[in-house]
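Okay, structure first, notes after.
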Amino acid sequence: MNLRVGILSTAHMHVGSYVHALGEHDQSEIIGFFDEDDARASAFATRTGLTRYATVEELLGVVDAVVITAENARHAELSIAASKAGKHVLCEKPLATSKADGEAMVAAAEAAGKVLMTAFPCRFHPSYARLKERVRAGDIGKIEAICATNRGTSPGGWFVDGALAGGGAMIDHTVHVADLVRDLLGEEPATVHATTNNIMHGRDTEDCAMLTMTFPSGAFVTLDSSWSRPGNFKTWGDVTMNVVGEKGVIELDMFGQALDVYADTARGLGLSGFGSDADALMVDSFVRACLDGAPVVTTGYDGLRAMEVALAAYESVRQVQPATV
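Numbering (the working numbering), first residue to last: 5 to 329.
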């Protein structure tokens, strides 16, 4: 039995990678996609050969699951509609742009008894799995601090429209690392203190963000989640974590297995990866959760909690002091 999957919106740059992973998977079948933007839909249909459906409802009527790669502000309406229609959901991060929307998404999936998975591919990367394994084995003792980065260049487009994205670099890049450190430490952050500016690109939304998170165990985390790189730098894939413990340090460069190409003529992701494919591993996990009832690794709740870290960071910026998560 194959999982019949529909794509709800092609707005997000990651849609191509997810479509490729689904197409390569031996237990999934992409039925088609919905996108209300005619130019975007036409380009996507030409590029992929997939069928465009006229309405969300029409597509939901012929699939078992959906992948949501819409603008952030549209995640909630699409996810809730899919859950109410009895469909499994893999939703691009951030889960939503408000706590109320995120909670409604989680509640709708729970009421339907269907999967709601947040697209956090970093959690599936073998390098992170190895890091977590060594930490759990006690190699470096109790974790005292983590210095992390998730940097890139500004993706432009709707990503810099606060109404559609929910913010700028901070909401875009914070949630990945917030999810990793929550999982690694096994606890929720207590406070977050953030500073932002928009000096790089002159947008209304922030392009540089620095965060400090504290945890009940006493550990603290610093994070650079900025769009601070040159225009021909990759938009995604600069995830690092230096984990400092009582007995040692582990340094992680998650996307070190890659050939990075920076040229003015290559403005896409600028990344030709080899080795581990975190997106493919994440998609496989989603398919198995839907078909076989395997555990959902990055749940809707995980997406909600990571999003709440970013929202608390914005509150910290507004109040110019640490905010409670």
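Backbone N, C-alpha and C fix where the C-beta goes; we use that ideal spot for every residue, glycine too.
- Of Leu227, Val253, Glu250, the smallest CA-CA separation from Val243 is found for Leu227.
- Between His92 and Val71, the gap from beta carbon to beta carbon reaches 7 angstroms or more.
- As the crow flies, the alpha-carbon of Ala198 is around 32 angstroms from that of Tyr22.
- Within the model, the alpha-carbon separation for Ser87 versus Gly304 is close to 12 angstroms.
- If you draw a straight line from the Cα of Asp68 to the Cα of Ala104, it is about 26 angstroms long.
- The alpha-carbon separation between Glu192 and Asp183 amounts to approximately 10 angstroms.
- In this structure, Phe38 places its C-beta atom within 7 angstroms of the C-beta atom of Val60.
- Bridge pairing for Cys95: Ile72, Thr122 [DSSP].
- Collapsing the DSSP output to three states places Gly241 in coil.
- Taking C-beta atoms as the reference points, Val248 and Ala149 count as a pair closer than 7 angstroms.
- Gly160 is positioned such that its CB atom lies no closer than 7 angstroms to that of Thr209.
- Thr195 sits close to Thr328, with the two beta carbons spaced by under 7 angstroms.
- The C-beta distance from Leu168 to Ala77 rounds to 5 angstroms, short enough to fall under 8 angstroms.
- When C-beta atoms of the segment 219-233 are compared with those of the segment 249-261, fewer than three pairs fall below 8 angstroms, so the two segments do not count as touching.
- In this structure, Phe259 and Gly241 form a Cβ contact; the two beta carbons are roughly 4 angstroms apart against a cut-off of 8 angstroms.
- Met217 is bridged by DSSP to Val196, Val225.
- Look at Asp30 here: in three-state DSSP terms it is coil, with no helix or strand label.
- DSSP lists Thr226, Asn246 as the bridge partner or partners of Cys151.
- Spatial neighbours of Ala316 in its own chain (CB-CB distance under 6 angstroms, excluding positions within 5 residues in sequence) are listed in chain order as Val196, Ala327, Val329.
- Ala152 and Gly65 have their C-alpha atoms spaced approximately 43 angstroms apart.
- In this structure the segment 96-116 lies against the segment 308-324, because at least three pairs of beta carbons, one per stretch, are closer than 8 angstroms.
- Taking all protein chains shown into account, Lys146 has fewer than 16 neighbouring C-beta atoms within 10 Å of its C-beta and is therefore exposed.
- The three-state secondary structure of Leu256, taken from DSSP, is strand.
- If the five residues before and after Ala116 are omitted, its C-beta is found closer than 7 angstroms to the C-beta atoms of Ser87, Lys88, Gly90, all from its own chain and listed in chain order.
- At the C-beta level, Ser131 and Leu256 come within 7 angstroms of one another.
- The shortest CA-to-CA distance from Glu75 to any of Glu33, Arg207, Phe163, Leu54 is the one to Phe163.
- Per DSSP, the continuous beta strand (DSSP E) segment holding Ile11 begins and ends at 7-12.
- In this structure, Val287 lies away from Ala293, with their beta-carbon atoms at least 7 angstroms apart.
- Taken in chain order, the whole alpha helix (DSSP H) runs of length 4 or more contained in the segment 34-68 are 42-52, 60-64.
- A residue is called buried when at least 16 other Cβ atoms come within 10 angstroms of its Cβ; Met121 meets this threshold and is buried.
- Collapsing the DSSP output to three states places Thr303 in a strand.
- Closest option to Val185, judged by alpha-carbon separation, among Phe224, Ala213, Cys212, Gly170: Phe224.
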